[in-house]
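Chains as they are written, first to last, in the working numbering: chain E, 20 to 132; chain F, 15 to 130.
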């Protein structure tokens, strides 16, 4: 079964608005990662947040992690049409660094120009 | 950044034939590669872990005789879908883990398999 659940499943916003996606997971983690997938393509790593971190920034991306609630959020500020893609959170299976990433269900983001 | 090349990007084959998909890490060595399967509008499902020089580890429910994995070198893993059937039609994506203990994965661009 999948480790993570994400919401919303789909999100449609206007260019310039902010987009927030949420992810929940089930087991203990060392880190949580966010990936982006353009339609019909592979995934691109966006950002990694460790279990002892609460917030991390990278450009227009802001990720938060709440280990007590086993949840994370990805915020994309000042969205652009080029941000249109699917976004997945991923965690390593189990508490060790096994290398095996398990992905959430994903959020499909559409940014309208 | 690290580049992973996956070929072919698209393949159409007749039922009963076998299809080989290659995954290469172009500028780094990958002792571990992973193969995922993705159905339309769904998430990635981990199929197997490919370890250089040893047998692949398959996830529960994945038929090892159906999906043959070979990781003969530090830069190449192959997935062969044997005797493909229409239900094997899917998007297959490989990923590679650089060096020892890398935390993030680098993905190939995927292979869309259509079995007629």
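Note that beta-carbon positions come from the ideal geometry of N, C-alpha and C, so glycine has one too.
On the three-state DSSP scale, how would you describe residue 110(F)? In the structure shown, the three-state DSSP call for residue 110(F) is strand.
In whole angstroms, what separates the C-alpha of residue 45(F) from that of residue 68(F)? 10 Å
Could you say if the segment 124-132 of chain E and the segment 32-43 of chain E meet the contact criterion of at least three C-beta pairs nearer than 8 Å? yes
Can you tell me whether residue 68(E) is buried or exposed, with buried defined as 16 or more other CB within 10 angstroms of its CB? Classified as buried, residue 68(E) has 16 or more neighbouring CB atoms from the shown chains inside 10 Å of its CB.
Could you check what DSSP says for residue 74(E) in three-state terms: helix, strand or coil? Residue 74(E) falls in the strand class under three-state DSSP.
Spatially closest choice to residue 101(E) from 70(E), 32(E) and 93(E), by CA coordinates: For residue 101(E), the closest C-alpha among the options 70(E), 32(E) and 93(E) is that of 32(E).
Residue from 121(E), 107(E) and 131(E) with nearest C-alpha to residue 57(E): 107(E)
For a contact meaning CB atoms closer than 8 Å, what does residue 121(E) contact in chain F? Contact of residue 121(E) with chain F by beta-carbon distance below 8 Å involves 60.
Are the beta-carbon atoms of residue 144(F) and residue 96(F) separated by less than 8 Å? The structure shown does not extend to residue 144(F), since chain F is modelled only from 15 through 130, so no value can be given for it.
If we count the other Cβ atoms within 10 Å of its Cβ and call it buried at 16 or more, is residue 111(E) buried or exposed? Result: buried.
Segment contact, 8 Å Cβ cut-off, at least three pairs: the segment 24-44 of chain F with the segment 85-105 of chain E: No: the two stretches stay apart, fewer than three of their Cβ pairs being nearer than 8 Å.
Helix, strand or coil for residue 117(F) per DSSP? coil
Hey, could you find the ends of the beta strand (DSSP E) residue 85(F) is sitting in? 81-87
Please identify the residue among 76(F), 90(F) and 127(F) whose C-alpha is closest to the C-alpha of residue 99(F). It is 127(F) whose Cα lies nearest to the Cα of residue 99(F).
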